Every structure is written in C-alpha cells, then in structure tokens.
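Enquirer: The numbering used here runs 253 ahead of the 1-based position in the sequence shown. Take a look at the following structure, please.
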Amino acid sequence: MKLTILGKYGPFPPVNGATSGYLLQSDNANAVIDCGSGTLNRLKGKIKVEDIDFIVLSHLHFDHISDMGVLSYALAFSKKKEKVNVYLPAFECKALETLKSMAEFNLIFIEENKVYYEKDLEFSFYKMTHPVLSYGVKISSGEKTFAYTGDTTVNCNIRNLVSNANVVLCDGAFLQEDYLETKPHMSVIQAVEVEKLFGGKVIVTHVGEGYKDSQVESEIKSVSQTAELAIEGKTYSI
Ligand SMILES: [Zn+2]
C-alpha cells in the first residue's frame, strides 16, 4: 500500500498547508481518509475524484471533514455515476445533517465489531477518546496493515488498533511544553510511544498549526529513531 499525506495540520491550516486528509492506495483501491480543509486540491494532484473508491471520516470535526462539501461538487461534475461510500461515526450534529444532504455520498455508520471490505482492502474500526465520537481505523491489504488513530487521547483501545500494523499514523498535536492531560489529543511524545505497542513505525500527524517541523522532529528523535513527522505531499510505502 501507499500512503500520501494530503494535510497534516489541526485545527486549522497554516499558509500553504492543509488540515487532516490522507490518500491510501492499494493495488486496486483508492481510499480517502479524512477530508480536511485544503486537501481536495492535493488529492486532485494524485487521482481523479471519480477514482475515489471510498472515504473514511474518523470523526465529524471540521478540520477532518471541511472539504467534503467541495468534494461533493467535484463529484457532481465528474463522470462518476455511483455514490461514494463514506464510513463515518453516527454522531448526531449539524455536520452530519449536511453530509446527509449531499447526494454524491452513501453514508455508512461505523460499527465497531465489524469487518468491512472494499476491493482488495479489509478494514475495521476502534473507538477512540475525543470530545466527539471518534474512531481509529485499521486497514489491511495482503500482508500489509496500516492504522490511523484519528484524533484521540491515550486510551486502552489503541493497543487493539495498532496490533499487527506496519505503519501507524498517529495524532500528536502538542509539543510537551503545551501538553496538559485535559487536552483532547495526544502529545508528540505520546504518539511516538505508541511504537512500543507494535513492531512498526509511527508517523506523527495532526500537528499544531503554529509549530515548526524542526521543533516537532526534535521531540520525535528524542524518543525514537524510526518514527517520523508527516510531510505534506510525501508518499510512504507500507
Ligand atoms: Zn477532532
């Protein structure tokens, strides 16, 4: 599989940046995972919108869903005839009402103890801890497994989410000096420490809009030689 970082910031984008959005590609499938502000133009640099096979929304905060509106317009103007499956939490809110009104999407509400299939991908969801209902997703193709935490604090279910993963894309929103236990995200250090729960590599994402890459990278390197900071536009092989 290949993972491309379309946007890595939260809760809003810096100049020339984008909030959470990722393209996961297998031999047969193109999956969009979260669709934050500024990610559609970058997605279009990689694939045609009609080639999206399905979308996963980890939760319904705007920094993860705000380009869904313009994506619905792009799909309406595209050659795609069928609706795109969108896997998302059943969290009643105005954003959900808006998504329900978009004819281009077929909304599928996530059930935690269920295995889903799209083309050559098998995937399942794990409830995370965040102010709104939020899920991590584990996606496998053949021998390779990828996991994404979405937004979360440290919790017991992360172990289940990341088991057997080769690469985990992990929320690490705060540098240590800004982190408090009351924050709704993990710190960079906590994200990197997820590596202790599985045998692969963490890629830290959802970094604060005001942070310099060098600040985040130096915290990552203080605890791991394998973990990396997500780089927008970069494609990682899994
Ligand atoms: Zn969030």
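Cβ atoms here follow ideal geometry from the backbone N, Cα and C, with glycine treated the same way. Treat the numbers as computed from the prediction; the structure is a model and nothing was measured.
1) Can you list the residues near ligand 1, meaning Cβ strictly closer than 6 Å to any non-hydrogen atom, in the order they appear in the chain?
2) Step through the CB atoms of chain B and report whether any lies within less than 8 Å of the CB of Leu352.
3) State buried or exposed for Pro384, treating a residue as buried only when at least 16 other CB atoms are found within 10 Å of its CB.
4) Which of helix, strand or coil does DSSP assign to Ser393?
5) Give me the residue from Gly322, Phe378, Phe376 with the minimum Cα distance to Ser354.
6) Straight-line CA distance for Gly274 to Lys334?
7) The beta strand (DSSP E) that contains Asp287, what's its start and end?
8) Tell me whether Thr435 is buried or exposed, calling it buried when 16 or more other Cβ atoms sit within 10 Å of its Cβ.
9) Whole alpha helix (DSSP H) runs in the stretch 436-485 with 4 or more residues, listed along the chain?
10) Residues bridged to Tyr401 by DSSP?
11) Helix, strand or coil for Glu345 per DSSP?
12) In the DSSP assignment, what are the bridge partners of Ile308?
13) How should Phe362 be labelled, buried or exposed, when 16 other C-beta atoms within 10 angstroms of its C-beta is the threshold for buried?
14) With Ile258 as the anchor, note down where its alpha helix (DSSP H) starts and where it stops.
15) From Leu422 to Ser331, what does the alpha carbon distance come to, in whole angstroms?
16) Note the first and the last residue of the continuous beta strand (DSSP E) segment covering Tyr432.
17) Use the C-beta contact count for Gly298: other C-beta atoms within 10 angstroms, 16 or more gives buried, fewer gives exposed.
18) Starting from Thr272, trace the beta strand (DSSP E) both ways and give me its first and last residue.
19) Can you tell me whether Glu357 is helix, strand or coil according to DSSP?
20) By Cβ distance below 6 Å, which residues in the same chain neighbour Ile300 in space, the five residues on each side in sequence not counted?
21) Drop a sphere of 10 angstroms on the beta-carbon of Leu324, count the other beta-carbons inside from all chains shown, and report buried for 16 or more, exposed for fewer.
22) Under DSSP, the beta strand (DSSP E) around Leu374 begins and ends at which residues?
23) Could you spell out the range, first to last residue, of the alpha helix (DSSP H) harbouring Ser325?
Expert: So, from the listed chains and residues:
1) Per the CB criterion, closer than 6 Å to any heavy atom of ligand 1, the qualifying residues run in chain order as His312, His314, His383, Asp404.
2) Of the protein chains in this structure there is only one, and it is not chain B.
3) Label assigned to Pro384: exposed.
4) Ser393 falls in the strand class under three-state DSSP.
5) When each option's Cα is compared against that of Ser354, the closest is Gly322.
6) When rounded, the distance between both Cα atoms is 24 Å.
7) Per DSSP, Asp287 belongs to the beta strand (DSSP E) from 283-288.
8) Classification for Thr435: exposed.
9) Runs of the alpha helix (DSSP H) inside the stretch 436-485: 441-446, 466-476.
10) Tyr401 pairs with Val390, Leu422.
11) For Glu345, the three-state secondary structure derived from DSSP is coil.
12) According to DSSP, residue pairing for Ile308 in a beta bridge involves Val285, Val339.
13) With fewer than 16 other Cβ atoms within 10 Å, it is exposed.
14) No alpha helix (DSSP H) contains Ile258, which is instead part of the beta strand (DSSP E) from 255-260.
15) Going from the Cα of Leu422 to the Cα of Ser331 covers about 30 Å.
16) In the DSSP assignment, Tyr432 falls outside any beta strand (DSSP E), carrying neither H nor E.
17) Exposed.
18) Judged by DSSP secondary structure, Thr272 falls outside any beta strand (DSSP E); it is assigned neither H nor E.
19) Reduced to three states, the DSSP call for Glu357 is coil.
20) Result list for Ile300: Asn283, in chain order.
21) Flag for Leu324 reads buried.
22) In the DSSP assignment, Leu374 falls within the beta strand (DSSP E) that extends over 374-380.
23) For Ser325, the enclosing alpha helix (DSSP H) begins and ends at 321-329.
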